[in-house]
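Undergrad:
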Amino acid sequence: MARRQRESVLVLWDVDHTLVTVGDVSREIYARAFLDAVGFPLRNLPPMTGRTEHAIIRATLKLHDVDPTLSLLRDFYAALGSAARSLETRMTESGAALAGAMNAIEELRHERVVQSLVTGNIASVAQVKLRAFEFSGLDRSVGGYGDDGSERARLVQLARDRASEKHAVEFAPDHVVVIGDSPHDVKGATDSGAVPVGVARGASSADELRSCGAHLVLNDLTESAALRRLVLALLTSG
Ligand SMILES: [Mg+2]
139 MARRQRESVL VLWDVDHTLV TVGDVSREIY ARAFLDAVGF PLRNLPPMTG RTEHAIIRAT
199 LKLHDVDPTL SLLRDFYAAL GSAARSLETR MTESGAALAG AMNAIEELRH ERVVQSLVTG
259 NIASVAQVKL RAFEFSGLDR SVGGYGDDGS ERARLVQLAR DRASEKHAVE FAPDHVVVIG
319 DSPHDVKGAT DSGAVPVGVA RGASSADELR SCGAHLVLND LTESAALRRL VLALLTSG
């Protein structure tokens with residue numbers, strides 16, 4: 139059983155518009171996966187920002203009057219993974235690792251800090267994006283992903299459970315820091331008792347992220363000193 143050690147901190151990163159952008163490749167991944175899994179071309183996509191792949195796929199199928207059966211969802215996940223792998227080079231050409239992201243992860247490296255992901259991407263797509271931009275320092279064997287469900291708070295809880303089990307440490311909910319660019323990330327953190335940190339690099343402004351409950355808001359990850367102070371403060375608060 140995991141031992142209780144409140145002084146350990148779990149840091150969970152969102153991927154899109156927090157660590158990386160992949161330009162217009164996200165739409166291309168969906169178009170290829172849709173054709174592959176459903177059998178006819180994608181006509182349109184629902185809003186994607188901050189939503190999990192599970193939610194996006196269900197909404198996309200509904201837009202095309204296709205029934206979201208479990209087997210179709212499984213096929214769609216597999217097709218998304220294949221499409222992402224085949225578009226990895228395009229991601230690096232039309233996207234980028236965001237300013238300060240790698241350094242921010244590096245600065246939080248500590249024997250009592252575990253860093254992983256909570257992202258709307260399914261696990262296989264998240265892996266491709268992070269590999270494309272050569273991210274390191276994240277434990278990708280745990281985390282919460284878009285194929286785990288539609289509710290971000292549930293993804294945060296799953297990430298905490300997985301990290302606690304793997305690292306044999308019970309991370310207290312208020313020692314989990316969730317970093318993301320959208321109100322969905324902030325809400326997922328708040329609803330699961332975690333500490334939300336907003337990065338106003340995406341579609342939402344700093345004021346918007348603050349007003350929906352972000353404990354700390356950075357304009358981008360070059361402002362990582364404030365994040366480091368927050369994590370160090372949690373490490374020393376029992
Ligand atoms: Mg995002």
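Positions in the sequence shown are counted from 1; adding 138 to them yields my numbering. Beta carbons are placed, not taken as given, at the ideal position from N, Cα and C, and that holds for glycine.
For residue 197 versus residue 184, is the C-beta spacing smaller than 8 angstroms?
TA: For residue 197 and residue 184, yes; Cβs fall inside 8 angstroms.
Undergrad: May I ask you to report which of helix, strand or coil DSSP gives residue 260?
TA: Coil at residue 260, not helix or strand.
Undergrad: Quick one: is the Cβ of residue 154 within less than 7 angstroms of any heavy atom of ligand 1?
TA: Yes, the beta carbon of residue 154 sits closer than 7 angstroms to at least one heavy atom of ligand 1.
Undergrad: Among the residues of its own chain, which have a CB less than 7 angstroms from the CB of residue 233, if the five just before and after it don't count?
TA: Excluding sequence neighbours, residue 233 sits near 158, 159, 160, 161 and 163.
Undergrad: Restricting to Cα atoms, I'd like to know which of 328, 227 and 305 is closest to residue 270.
TA: Taking only the C-alpha atoms, the option nearest residue 270 is 227.
Undergrad: Do residue 354 and residue 365 have their CB atoms nearer than 8 angstroms?
TA: Yes, the Cβ-Cβ distance between residue 354 and residue 365 is below 8 angstroms.
Undergrad: Do residue 261 and residue 210 have their C-beta atoms closer together than 8 angstroms?
TA: No; because the gap between Cβ atoms is not below 8 angstroms, this pair is not in contact.
Undergrad: Output the boundary residues of the alpha helix (DSSP H) element that contains residue 157.
TA: Unbroken run through residue 157: none, as it is neither H nor E.
Undergrad: Any heavy atom of ligand 1 inside 7 angstroms of the beta-carbon of residue 342?
TA: Residue 342: no, Cβ never under 7 angstroms from ligand 1.
Undergrad: Skipping 5 residues on each side, what residues in its chain have a beta carbon closer than 6 angstroms to that of residue 290?
TA: Counting only Cβ-Cβ distances below 6 angstroms, and skipping sequence neighbours, we find 322 and 326.
Undergrad: For the beta strand (DSSP E) containing residue 334, name the first residue and the last one.
TA: Per DSSP, residue 334 belongs to the beta strand (DSSP E) from 333–337.
Undergrad: In three-state terms, what does DSSP make of residue 209?
TA: Helix at residue 209.
Undergrad: Using a Cβ-based criterion (distance less than 7 angstroms to any ligand heavy atom), does residue 318 qualify as near ligand 1?
TA: The answer is yes for residue 318.
Undergrad: So what's residue 145 in DSSP terms, helix, strand or just coil?
TA: If DSSP states are grouped into helix, strand and coil, residue 145 belongs with coil.
Undergrad: In this structure, how does DSSP classify residue 231 when only helix, strand and coil are distinguished?
TA: Of the three classes helix, strand and coil, the one that applies to residue 231 here is helix, per DSSP.
Undergrad: How about residue 337 and residue 359: do their beta carbons lie closer than 8 angstroms?
TA: Their beta carbons are under 8 angstroms apart, which means residue 337 touches residue 359 by this criterion.
Undergrad: Indicate the three-state DSSP secondary structure (helix, strand or coil) for residue 274 in the structure shown.
TA: Note: residue 274 maps to coil in three-state DSSP.
Undergrad: What residue does the beta strand (DSSP E) around residue 83 start on, and which one ends it?
TA: Look at the range of the chain in this structure, 139 to 376, and you will see that residue 83 is not part of it.
Undergrad: Which residues mark the beginning and the end of the alpha helix (DSSP H) in which residue 326 is found?
TA: Start and end: 321–329.
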